[in-house]
Amino acid sequence: MQQHCEPSDPNQQLLKQHHQLQQLQHLNVTAAATRYAQTRLPFPPYIIRFKSGYVKEKQAAEEIVTHFKSNFQLDILFMNYRISTTKCTAGEYNILLFAKNMDSFTSLLDQNRWPSKIGNTSYSFPSSLPSIPPQLSLIIKNVDLRTSLKEFTDDIKELYPDIRNIIRLKNKFQQDIRMVKVELGSIQTRNNILKGGKICINYRTYDVDEYIGTASVLICSKCCGIGHFKSRCSQSNETCRNCGNSYPDLKLHKCTNEPCCIHCNGKHASNNNSCPVIKQFRSDLTKKLLTTNHGTLTSSTSVNKPSNCDLVNFPQLNPALNSSIPGSNSNLNTKLDQLILNMAQLNENMIKITEWNSKFEKFMNDKTIGDQIVQQDINRIMNNTKNMETNLVQHDLKLKRHENIFVKLLIPFLQDISQFIISLNKDRQGRILDPDLKLKFEIHYAQLKKTVIDNN
Numbered sequence: 007m008q009q010h011c012e013p014s015d016p017n018q019q020l021l022k023q024h025h026q027l028q029q030l031q032h033l034n035v036t037a038a039a040t041r042y043a044q045t046r047l048p049f050p051p052y053i054i055r056f057k058s059g060y061v062k063e064k065q066a067a068e069e070i071v072t073h074f075k076s077n078f079q080l081d082i083l084f085m086n087y088r089i090s091t092t093k094c095t096a097g098e099y100n101i102l103l104f105a106k107n108m109d110s111f112t113s114l115l116d117q118n119r120w121p122s123k124i125g126n127t128s129y130s131f132p133s134s135l136p137s138i139p140p141q142l143s144l145i146i147k148n149v150d151l152r153t154s155l156k157e158f159t160d161d162i163k164e165l166y167p168d169i170r171n172i173i174r175l176k177n178k179f180q181q182d183i184r185m186v187k188v189e190l191g192s193i194q195t196r197n198n199i200l201k202g203g204k205i206c207i208n209y210r211t212y213d214v215d216e217y218i219g220t221a222s223v224l225i226c227s228k229c230c231g232i233g234h235f236k237s238r239c240s241q242s243n244e245t246c247r248n249c250g251n252s253y254p255d256l257k258l259h260k261c262t263n264e265p266c267c268i269h270c271n272g273k274h275a276s277n278n279n280s281c282p283v284i285k286q287f288r289s290d291l292t293k294k295l296l297t298t299n300h301g302t303l304t305s306s307t308s309v310n311k312p313s314n315c316d317l318v319n320f321p322q323l324n325p326a327l328n329s330s331i332p333g334s335n336s337n338l339n340t341k342l343d344q345l346i347l348n349m350a351q352l353n354e355n356m357i358k359i360t361e362w363n364s365k366f367e368k369f370m371n372d373k374t375i376g377d378q379i380v381q382q383d384i385n386r387i388m389n390n391t392k393n394m395e396t397n398l399v400q401h402d403l404k405l406k407r408h409e410n411i412f413v414k415l416l417i418p419f420l421q422d423i424s425q426f427i428i429s430l431n432k433d434r435q436g437r438i439l440d441p442d443l444k445l446k447f448e449i450h451y452a453q454l455k456k457t458v459i460d461n462n
């Protein structure tokens with residue numbers, strides 16, 4: 007049997023996907039899927055790569071434990087270890103080491119502490135570090151979208167050097183939200199921050215909460231179906247996870263390299279986590295895990311305990327066969343779905359408000375720049391006016407200085423000249439040649455004096 011992506015009409019394709027999603031809503035989360043999500047290894051593996059020799063995984067684990075114990079007095083415990091050749095070239099092989107507890111995982115984060123050789127063989131780390139698990143992560147809430155993530159990271163790392171990475175979270179539309187994920191390298195630092203409930207960064211206080219990772223979805227490696235293991239698969243043929251075609255022997259299959267999901271007919275691999283069917287199943291699985299954990303906690307604390315009464319007359323009742331209220335899970339799921347929708351709508355409203363605030367801030371910034379330009383022009387005009395007034399004062403002082411020179415020097419000089427001319431206004435017999443000359447000089451002198459007085 008083969009699975010093909012049908013290149014039909016887009017509307018029909020959407021209707022088909024919607025029908026598949028409706029079918030998924032009635033798909034029960036199997037016990038195998040729940041057990042798979044609950045029993046996954048708690049920490050990602052440390053991967054070391056060897057290019058020569060043959061070092062057994064157990065030998066590598068024992069040498070690492072001995073090295074950390076003798077050099078750093080640290081007890082390293084491994085839950086599992088195995089050899090893998092994935093993404094290795096010819097002659098290379100990887101050893102995957104799974105830490106058993108938080109102390110072991112955090113102690114191994116510093117690569118400078120690792121031994122230089124294992125089994126007298128050099129090795130390398132194909133990747134810098136394994137991903138930080140949710141147990142070492144937390145969430146900072148209400149971080150403004152306009153906050154520079156680089157400056158925010160620098161400020162928080164000054165307070166907590168154990169922080170490994172800062173990540174701005176996104177919603178389902180791949181838009182930034184007001185939550186920041188913090189990955190740490192110390193469980194003690196994380197617990198101290200969570201115990202306080204708040205964190206102060208750059209004179210601002212933010213609420214913090216623990217980070218809860220998504221549940222792992224069980225996908226069959228034979229048929230790419232959801233919720234069962236390969237050993238429990240009822241399909242006889244094997245399904246290619248890329249093109250979605252089924253064959254009796256997948257080794258003889260020549261893939262078309264055209265991705266086609268068998269769940270939603272989308273253009274992606276059938277085990278892709280971005281598939282809407284897998285996303286919906288993961289959501290249902292997470293809800294079931296949360297409900298199961300809550301029910302387990304309740305039943306463990308509220309089990310019928312023997313009291314001080316007479317057990318002969320009042321025997322202890324047997325535990326209830328079904329402690330859950332009928333319909334409570336469906337009601338809880340409905341409320342959770344409604345809460346998710348409300349949160350999405352609230353997030354959209356917050357995005358709109360943020361856009362309006364950004365536009366208003368841009369307007370205010372432009373207005374501030376315009377006001378600064380106008381103020382600069384006003385200051386320039388005032389400076390020019392002051393310079394002009396200074397020049398006028400200096401010019402007036404020069405005029406007064408010249409006037410004083412004229413009055414004190416030139417007028418007496420003119421008087422002397424007039425007296426000399428009057429003395430020459432006589433003939434040889436001493437008779438006056440021009441009787442009006444003296445009068446004319448006196449008139450001119452009076453007019454000149456009057457002009458000087460009027461100007462003052």
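Here the numbering used here is used: position 326 in the sequence shown is 332, and no number is missing along the way.
Beta carbons: idealized from backbone N, C-alpha and C, even for Gly.
Where residue i falls: helix, strand or coil (DSSP)
i, result
"residue 375", "helix"
"residue 217", "coil"
"residue 262", "coil"
"residue 454", "helix"
"residue 447", "helix"
"residue 459", "helix"
"residue 105", "strand"
"residue 284", "helix"
"residue 410", "helix"
"residue 364", "helix"
"residue 153", "coil"
"residue 95", "coil"
"residue 292", "helix"
"residue 325", "With a pLDDT of only 43 at residue 325, under 50, the local geometry of the prediction cannot be trusted, and no value is derived from it."
"residue 232", "strand"
"residue 4", "Nothing in the structure corresponds to residue 4, since the chain is present only between 7 and 462."
"residue 275", "coil"
"residue 140", "helix"
"residue 268", "coil"
"residue 49", "coil"
"residue 115", "coil"
"residue 392", "helix"
"residue 36", "coil"
"residue 61", "coil"
Under 7 Å between C-beta atoms of residue i and residue j
i, j, result
"residue 38", "residue 234", "yes"
"residue 103", "residue 51", "yes"
"residue 83", "residue 110", "yes"
"residue 174", "residue 186", "yes"
"residue 243", "residue 252", "yes"
"residue 247", "residue 275", "yes"
"residue 192", "residue 168", "yes"
"residue 89", "residue 68", "no"
"residue 249", "residue 239", "no"
"residue 217", "residue 195", "no"
"residue 80", "residue 142", "no"
"residue 214", "residue 146", "yes"
"residue 100", "residue 55", "yes"
"residue 353", "residue 177", "yes"
"residue 428", "residue 446", "no"
"residue 201", "residue 211", "no"
"residue 281", "residue 261", "no"
"residue 151", "residue 182", "yes"
"residue 1", "residue 49", "This structure cannot settle anything about residue 1, because the visible part of the chain is limited to 7 through 462."
"residue 422", "residue 431", "no"
Residue range of the unbroken beta strand (DSSP E) whose run includes residue i
i, result
"residue 227", "That residue, residue 227, is in no beta strand (DSSP E); it is neither H nor E in DSSP."
"residue 56", "52 to 56"
"residue 84", "84 to 90"
"residue 143", "143 to 147"
Continuous alpha helix (DSSP H) stretch holding residue i: start and end
i, result
"residue 428", "417 to 429"
Opposing strand residues paired with residue i [DSSP bridges]
i, result
"residue 245", "252"
"residue 163", "Note: residue 163 sits in no beta bridge, so no partner."
"residue 432", "438"
"residue 76", "In the DSSP output, where bridge partners are listed per residue, residue 76 has none listed."
"residue 171", "189"
"residue 100", "55, 90"
"residue 130", "55"
"residue 124", "127"
Any non-hydrogen atom of the ligand ZN within 6 Å of residue i CB
i, result
"residue 441", "Ligands are entirely absent from the displayed structure, and the ligand ZN is therefore not among its contents."
Interface flag, residue i vs chain C, CB-CB below 7 Å
i, result
"residue 399", "Of the chains in the structure shown, none is chain C; there is only one protein chain."
Run through the segment 175 to 206 for me and flag every whole alpha helix (DSSP H) of 4 or more residues, listed as ranges in chain order. Runs of the alpha helix (DSSP H) lying entirely within the segment 175 to 206, each at least 4 residues long, are 193 to 202 in chain order.
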